[in-house]
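Student:
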Amino acid sequence: YKARDIDFEASLKAALTSRAENVGAVPLARRDLAHQAGQAAAAGDPQVRYTQPAQPSIDGNTVELDSERARFTENALHIEANLVFLSGRIKQLLSAIQGQ
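For the sequence shown, position 77 matches number 77 in this note's numbering, and the numbering has no gaps at all.
1) Is the beta carbon of A10 closer than 9 Å to that of P46?
2) Between A96 and the rest of its own chain, which residues show a CB-CB distance below 8 Å, the 5 nearest in sequence each way excluded?
3) If the criterion is Cβ atoms closer than 9 Å, does the pair T73 and R4 meet it?
4) V48 by DSSP, collapsed to three states: which one?
5) If you draw a straight line from the C-alpha of K2 to the C-alpha of I79, how long is it?
6) For Q100, I'd like the list of residues in its chain whose CB is within less than 8 Å of its CB, leaving aside the five on either flank, ordered along the chain.
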């Protein structure tokens with residue numbers, strides 16, 4: 001296996017910039033004239049990067065399980081922190097709505 005990755009942050013910025021400038025905008029089809037017109041931004045393909053392993057393997061496999069596990073754990077921690085933050089914020093809003 002060859003380890004590949006995309007730079008999600010750069011792809012997201014490119015998509016948002018493209019949308020903001022309406023560069024490459026594609027008009028959406030409407031079945032009824034009463035429907036709101038919209039545009040979908042064409043962001044293009046993300047750049048795929050091949051990762052260089054710290055230790056090359058004999059069979060050419062460049063996937064490093066330890067680094068993949070570390071990245072997975074980091075992403076899981078970010079998601080968990082965001083969920084805890086959102087849960088607290090929702091509790092605050094419900095408390096304010098209920099007048100407590």
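Backbone N, C-alpha and C fix where the C-beta goes; we use that ideal spot for every residue, glycine too.
Tutor: Reading off the structure:
1) yes
2) Correct list: empty, nothing qualifies.
3) no
4) strand
5) 27 Å
6) none
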